[in-house]
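J.: Mind looking over this structure? Questions follow.
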Amino acid sequence: MKKKIIVNAVLAGAVFMAAASSAAAMTAEERLGQMLYFDKYLSKNHNQSCASCHHPAAGWADPLNAALPEVYPVSLGSDRTLNGCRNAPPSGYAAFIPVFGGDVDNGFSGGQFWDGRADTLKDQAKGPFLNPVEMAMESAAAVIAAIADGNNPKSEMYRRLFKKVYGVDLRAVDYTNDVLIETLYDKVAQAIATFEQTKRLTSFSSKYDYYLAGKATLTRLEEEGLALFEGKANCSACHPSAAQFNADGTITPPLFTDFTYDNLGVPKNLNDLVVNCPTDYGLGGRLSEPTEDGKFRVSSLRNIEMTAPYTHNGYFATLDDIVHFYNTRDVENWPLPEVAVNVNPTELGDLRLTAREEAALVAFLQTLTDGFEDKMPANFVLPSITPLN
1000 MKKKIIVNAV LAGAVFMAAA SSAAAMTAEE RLGQMLYFDK YLSKNHNQSC ASCHHPAAGW
1060 ADPLNAALPE VYPVSLGSDR TLNGCRNAPP SGYAAFIPVF GGDVDNGFSG GQFWDGRADT
1120 LKDQAKGPFL NPVEMAMESA AAVIAAIADG NNPKSEMYRR LFKKVYGVDL RAVDYTNDVL
1180 IETLYDKVAQ AIATFEQTKR LTSFSSKYDY YLAGKATLTR LEEEGLALFE GKANCSACHP
1240 SAAQFNADGT ITPPLFTDFT YDNLGVPKNL NDLVVNCPTD YGLGGRLSEP TEDGKFRVSS
1300 LRNIEMTAPY THNGYFATLD DIVHFYNTRD VENWPLPEVA VNVNPTELGD LRLTAREEAA
1360 LVAFLQTLTD GFEDKMPANF VLPSITPLN
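Going from the sequence shown to our numbering is simple: count from 1 and add 999.
Okay, structure coming up:
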């Protein structure tokens, strides 16, 4: 019954999001990006799109993972016998993630993916098409050919939009011209990234947003959870919850992340899909920097109710699970961390929360789900969006 309730909540969220998107006019480039984002034809077996792992029905994360987090902690690819080793992060609100930066002395922040390896949405959008365990296309040329393929039901609309937006005739592409192919592939990524910046993925329409705008009231349990979030539980240290109230009367809503990197001491996931994955050193592995081993970028908490499972390896199937881990990591018999160095010793692990306080935190986190109303409060202004280039 619990699983059925979760799935129904996910689908209900999708209905609200669809209503929000239909109300907002999109530019031609945004429409092109939306088509590309949802097009399964652009994968090896014509069965995988960006939305397969980043779908509005699951808060822009993987709907299969969200429905069955204990079974599928990570996503399957176009070849359904292959899967990745990391939990697919939501694409919602990713437009606000800053470019990767920092150093060992002052810490790192920003960047797309769990380890920040892509600077912008545009950079990120180029990866999955060619990843052999995701969409598994042979080359950028193969992606362009699939877009132009007359057997693709969207090919005629693609032809019109590429001509309108970029002045490109898809019927006259020279597939031996590597420079042209790379330019067109860059445009594909740009269009997808432009769509990901729209209000469909950044609607700021949760109950908490309406609470900040003075248009909604939290329940007693939700209020208790907010007080814990900003106080005893110390969640806001890495997931800032405060809005910026501007002099002109507008409000800039919070993103619920500081974009920094942390090792939370998450155990290795022994699920059959990932048990044989190599130890994931996160940022440290990407930078070959031991002081960063085990660290992953702090996620936004927006839509977190819909985006199970949680953490980079999908170890935690429910919000209750991960809140309990934050509370008791150091005082209960949890398995050892996957990477036992650089574990954050101060901001979690022994929060001394009661069972009711854990439940209150979960109740508050559930107020961060978009779709409380069908659009952003009228007095909200967006935080700065990261440029595509």
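Glycine included, each C-beta is placed from N, C-alpha and C at the ideal position.
Comparing C-alpha positions only, which one of D1173, K1198, A1236, K1162 sits nearest to A1027?
T.: The candidate whose alpha carbon is nearest that of A1027 is K1162.
J.: Can you list, in chain order, the residues of its chain whose CB lies under 7 Å from that of L1347, leaving out five sequence neighbours each side?
T.: Hits under 7 Å: L1263, Y1325, R1328.
J.: Comparing C-alpha positions only, which one of R1079, P1097, S1074 sits nearest to A1087?
T.: For the residues R1079, P1097, S1074, the minimum Cα distance to A1087 belongs to S1074.
J.: Just mark D1365 as buried or exposed, buried being the case when its beta carbon has 16 or more other beta carbons within 10 Å.
T.: It is worth fixing the name first, because residue 1365 is Gln in this sequence and not Asp. Burial call: buried.
J.: Examine the Cβ distances between the stretch 1052-1065 and the stretch 1224-1236 and report whether three or more of them are shorter than 8 Å.
T.: Taking 8 Å as the limit for Cβ pairs, the verdict is that the stretch 1224-1236 does not touch the stretch 1052-1065.
J.: By Cβ distance, which residues of its chain are closer than 6 Å to V1340, with the 5 residues on each side in sequence left out?
T.: Only D1292 meet the Cβ criterion.
J.: Work out the CA separation of R1351 and A1022 for me, nearest whole Å.
T.: In this prediction, A1022 scores a pLDDT of 40, lower than 50, which makes its location untrustworthy; the coordinate-derived value is nonetheless stated afterwards. Going by the C-alpha atoms only, they are around 45 Å apart.
J.: Could I get the ranges of all uninterrupted beta strand (DSSP E) runs contained in the stretch 1273-1310, with 3 residues as the minimum, in chain order?
T.: You should have found no qualifying run.
J.: Across the stretch 1044-1051 and the stretch 1166-1173, are there enough close Cβ pairs to call them in contact, namely three or more that are closer than 8 Å?
T.: No: fewer than three Cβ pairs fall under 8 Å.
J.: Taking DSSP as the reference, what is the three-state secondary structure of Q1123?
T.: Q1123: helix per DSSP, three-state reduction.
J.: Beta-carbon within less than 7 Å of A1232's beta-carbon, same chain only, minus the 5 sequence neighbours each way: which residues are those?
T.: Within the same chain, A1232 has close Cβ partners L1350, L1352, L1360.
J.: Hey, out of E1133, Y1210, A1139, A1188, whose CA is closest to I1180's CA?
T.: Checked all of E1133, Y1210, A1139, A1188; the closest Cα to I1180 is A1139.
J.: Do you know how far the Cα of N1245 is from the Cα of S1205?
T.: Cα to Cα, S1205 sits roughly 20 Å from N1245.
J.: Less than 9 Å between the beta carbons of R1296 and F1258, yes or no?
T.: Their beta carbons are under 9 Å apart, which means R1296 touches F1258 by this criterion.
J.: For F1128, does the three-state DSSP call read helix, strand or coil?
T.: Looking at F1128 - three-state DSSP - the assignment turns out to be helix.
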